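S.K.: So the protein lines, in turn, are chains A and B. At position 272 of the first sequence the residue is numbered 272 (the working numbering), and the sequence of numbers has no breaks. Convert by adding 1000 to the 1-based position in the second sequence; the result is the number in the working numbering.
Protein chains: 2
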Amino acid sequence: MDFVKRVTTEGTPNFVPEADRIAIFDNDGTLWPEQPICIQFIFAFDRLKSLTRIRPELRQIEPFLSVMEGGLNAMTTLDATEIVEIIKVAQSGMSTEQFSSIVAEWLAVAKDLRFGRVYTELVYQPMLELLDYLRLNRFKSFIVSGAGADFIRVFAERTYRIPPEQVLGSTTLSELRWGKDGPMLMKIPQVDVLDEGPGKPPAIDRFIGRRPIFAFGNSDGDKEVLQWTAAHPLTGFVGLLHHTDAEREWAYDRDSNVGRLDEALDLACANQWTIVDMARDWNTVFTPERATET
Amino acid sequence: MDFVKRVTTEGTPNFVPEADRIAIFDNDGTLWPEQPICIQFIFAFDRLKSLTRIRPELRQIEPFLSVMEGGLNAMTTLDATEIVEIIKVAQSGMSTEQFSSIVAEWLAVAKDLRFGRVYTELVYQPMLELLDYLRLNRFKSFIVSGAGADFIRVFAERTYRIPPEQVLGSTTLSELRWGKDGPMLMKIPQVDVLDEGPGKPPAIDRFIGRRPIFAFGNSDGDKEVLQWTAAHPLTGFVGLLHHTDAEREWAYDRDSNVGRLDEALDLACANQWTIVDMARDWNTVFTPERATET
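1) Rounded to the nearest angstrom, how far is the Cβ of LEU173 (chain A) from that of PRO1163 (chain B), given a contact under 8 angstroms?
2) Show which residues of chain B have a CB atom less than 8 angstroms away from the CB atom of GLN227 (chain A).
3) On the three-state DSSP scale, how would you describe ALA1149 (chain B)?
4) Going by the DSSP bridge assignment, what does ILE24 (chain A) pair with across the sheet?
5) Rounded to whole angstroms, what is the Cα-Cα separation between TRP32 (chain A) and ILE87 (chain A)?
6) Given that a residue counts as buried once 16 or more other Cβ atoms are within 10 Å of its Cβ, and exposed if not, what is TRP178 (chain A)?
7) Just to confirm, is the Cβ distance from PHE216 (chain A) to GLY236 (chain A) under 7 angstroms?
8) Run through the DSSP bridge pairs and tell me what SER1174 (chain B) is partnered with.
9) Any Cβ of chain B within less than 7 angstroms of the Cβ of THR308 (chain A)?
10) Do we get a CB-CB distance below 7 angstroms when we pair GLU1224 (chain B) with the residues of chain A?
11) Looking at the secondary structure, which residues open and close the alpha helix (DSSP H) in which VAL109 (chain A) lies?
12) Quick one: grab the DSSP three-state call for GLY1239 (chain B).
13) Any C-beta of chain B within less than 7 angstroms: which residues of the region 194–221 of chain A qualify?
14) Going by DSSP, what residues sit across from VAL167 (chain A) in a beta bridge?
15) Say whether chain A places a C-beta atom closer than 7 angstroms to the C-beta of ALA1019 (chain B).
16) If you draw a straight line from the alpha carbon of GLY71 (chain A) to that of CYS1038 (chain B), how long is it in whole angstroms?
17) List, in chain order, every chain D residue whose beta-carbon is nearer than 8 angstroms to that of SER141 (chain A).
18) Count the other CB atoms within 10 Å of the CB of LEU265 (chain A); is the residue buried (16 or more) or exposed (fewer)?
19) For TYR252 (chain A), does the three-state DSSP call read helix, strand or coil?
20) If we require 4 or more residues per run, which alpha helix (DSSP H) segments fall completely within the region 61–93 of chain A?
21) Quick one: grab the DSSP three-state call for VAL4 (chain A).
22) Apart from the five residues just before and just after ASN271 (chain A), which ones in its own chain have a Cβ nearer than 7 angstroms to its Cβ?
23) How would you list, in chain order, the residues of chain A whose beta-carbon sits under 8 angstroms from the beta-carbon of PRO1164 (chain B)?
24) Terminal residues of the continuous beta strand (DSSP E) containing THR274 (chain A)?
25) Once the 5 residues before and after ALA23 (chain A) are set aside, which same chain residues still bring their CB inside 8 angstroms of it?
26) Could you list which residues in chain A have their beta carbon closer than 8 angstroms to that of ALA1279 (chain B), in chain order?
27) Compare the Cα-Cα distances from ARG210 (chain A) to each of A:SER92, A:ASP20, A:ILE188, A:ALA108 and report the closest residue.
28) Candidates B:ASP1253, B:GLY1146, B:ARG1161, B:PHE1099: which alpha carbon is nearest ASN1027 (chain B)'s?
29) Please confirm if ARG158 (chain A) has its CB atom under 7 angstroms from at least one CB of chain B.
30) Could you run through the region 1165–1178 of chain B and flag, in chain order, every residue whose CB is less than 7 angstroms away from some CB of chain A?
31) Pull up the distance between the alpha-carbon of SER66 (chain A) and that of VAL258 (chain A), whole angstroms please.
32) I want to verify the contact list: residues of chain B whose CB lies under 8 angstroms from the CB of ASP192 (chain A), in sequence order.
33) Helix, strand or coil: how does DSSP classify GLU1010 (chain B) here?
34) Compare the C-beta of ARG1161 (chain B) against all C-beta atoms of chain A and say whether one is closer than 7 angstroms.
35) Have a look at HIS242 (chain A) and ASP253 (chain A) and give me their C-alpha separation to the nearest angstrom.
36) Excluding five sequence neighbours on each side, which residues of the same chain lie with their C-beta closer than 8 angstroms to the C-beta of ASP245 (chain A)?
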């Protein structure tokens, strides 16, 4: 709040005009959980199960063979190239509109095994409040994720109030085709990857065209984008979510395979970035259960 | 105005919520002139002249040799690959901030040979009014250009009131480097090309994530994006600027090398898209000369 007050008080040296109030957020582990596995991978796995019924030949080749035999846990052992192979198959072969419907239908019913709630209810309440607070102060917030922009865009508007055009991430590409209702976009098995780590600042330059003054992340994959934001010539706020709450959510940092937080944590301490300790600092973790929920 | 009224009147079947009021505009030939040559190429040519003083070896190799010998006119004879070679050299080797400063300095002084005015004053007054009108009606307007987003972003905010994050186009890519003030982005000699024609709809999907309900262009390079917008499941407005005014601007269409308008013109006639005939329909072409101008 000190930072926001500083950059929004007109006539002071730190005042930042509305147009330059760009805030960026990581998604997995920053706005919703990423343990025990990235939620998009659960979607891709479920979709792969359906697909292999229609295309049984997929069961004969890697990495599909291992995943269909080893189950969801096998997804966590794949390297980046293998993940991309899975995404290529799971997220192509339909129109962009059809893909969005498939994701929306999945999100409406698939539930987290531990918490028993649909994933869009497992977003972090304090982060929603932070997004609202920034919006109120005329910041424009973007999601910048190494995961699928095409996946996140389906729920970001309703869940975070962040419109599709403010979601950056990897995506399966599309091609213009002529369908029965005229031109449409068909998703093809080709992935444009937004690389974590040093890849995030160039992607922000490509899509947004200016350096953010506010960045929030939770892992070493956000290290460079946080450093780059902290070094903004005018002013930069940097926040880091530390997952310390095994009881209400998860506790992991330096030794985790998913969302490892090691070098970025050292940097945050050394540079006095704002570290949010989930167990200590958050009264509530997830959005409250709604009374009307079925 | 009929269209805007239709989609903004609540309670009617054609009402479109604010979030979905996405409008896209081509830049060259739609918002400012593209004759006798794309303005960004004049910038690249001027920059090449400076660069070859520092790097005379460039004068020995193609396509630089032809361009430095043939002058600006030689730029119009280059193919797409050669243009990319020029852009790679002219628009890399400095930080993203330095590049923006170089463009801004050039735009402040370089004048159009025929009209004797700086280029940002040669934008079309009726299109500025259209942008304002859409803004007033809660549309979000984007520029989608095959030319350089990194170039257009420098003046789009002040000139069109379109912020950098709403400008899509080709761009030289950047890489994170450590400078004396910490991390910065260095532009590298690698171009991410936004292809004209059938490449525009997939680029819009990649960056914006939804189909526009409003599109304005002026050449066959906009054909597919206009067809795709016209086929929007809810409603779509499509406009085409026809350059018919050799006296006040330029007159060209089916036989032009720059901004050829042939197939898209036939489509516009056949589908009753809105065609703006510059000579007939525009009282004013360029922004009025300011009294304070030096």
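C-beta: ideal position from N, C-alpha, C; glycine also. The structure displayed is predicted, hence computed values, not measured ones.
M.R.: Taking the definition as stated:
1) At roughly 25 angstroms, the Cβ-Cβ gap does not stay under 8 angstroms, so LEU173 (chain A) and PRO1163 (chain B) are not in contact.
2) In chain order: GLY1182, PRO1183.
3) Here ALA1149 (chain B) sits in helix by DSSP.
4) A:PHE142, A:ALA215
5) Distance between the alpha carbons of TRP32 (chain A) and ILE87 (chain A): 20 angstroms.
6) Per the 10 Å Cβ criterion, exposed.
7) Not in contact: PHE216 (chain A) and GLY236 (chain A) (Cβ atoms no closer than 7 angstroms).
8) B:LYS1187
9) Nothing in the structure corresponds to residue 308 (chain A), since chain A is present only between 1 and 294.
10) yes
11) That run of the alpha helix (DSSP H) goes 96–109.
12) strand
13) PRO198, PRO201, PRO202, ASP205, ARG206, PHE207, ILE208, GLY209, ARG210
14) According to DSSP, residue pairing for VAL167 (chain A) in a beta bridge involves A:ILE143.
15) At least one chain A Cβ lies under 7 angstroms of ALA1019 (chain B).
16) 55 angstroms
17) Chain labels in this structure do not include chain D; the protein chains are A and B.
18) buried
19) coil
20) 64–70, 72–75, 80–90
21) helix
22) ALA230
23) Those are ILE208, GLY209, ARG210, listed as they occur along chain A.
24) First-last of the beta strand (DSSP E) with THR274 (chain A): 274–277.
25) LEU134, PHE139, LYS140, SER141, PHE142, PRO212, ILE213, PHE214, ALA215, PHE216
26) In chain order: nothing, as chain A lies at least about 31 angstroms away.
27) A:ASP20
28) B:GLY1146
29) no
30) GLU1165, VAL1167, THR1171, LEU1173, SER1174, GLU1175, LEU1176
31) 19 angstroms
32) For the C-beta of ASP192 (chain A), the chain B residues within less than 8 angstroms are, from N- to C-terminus, ARG1206.
33) coil
34) no
35) 7 angstroms
36) ALA251, MET278, ALA279, TRP282, VAL285
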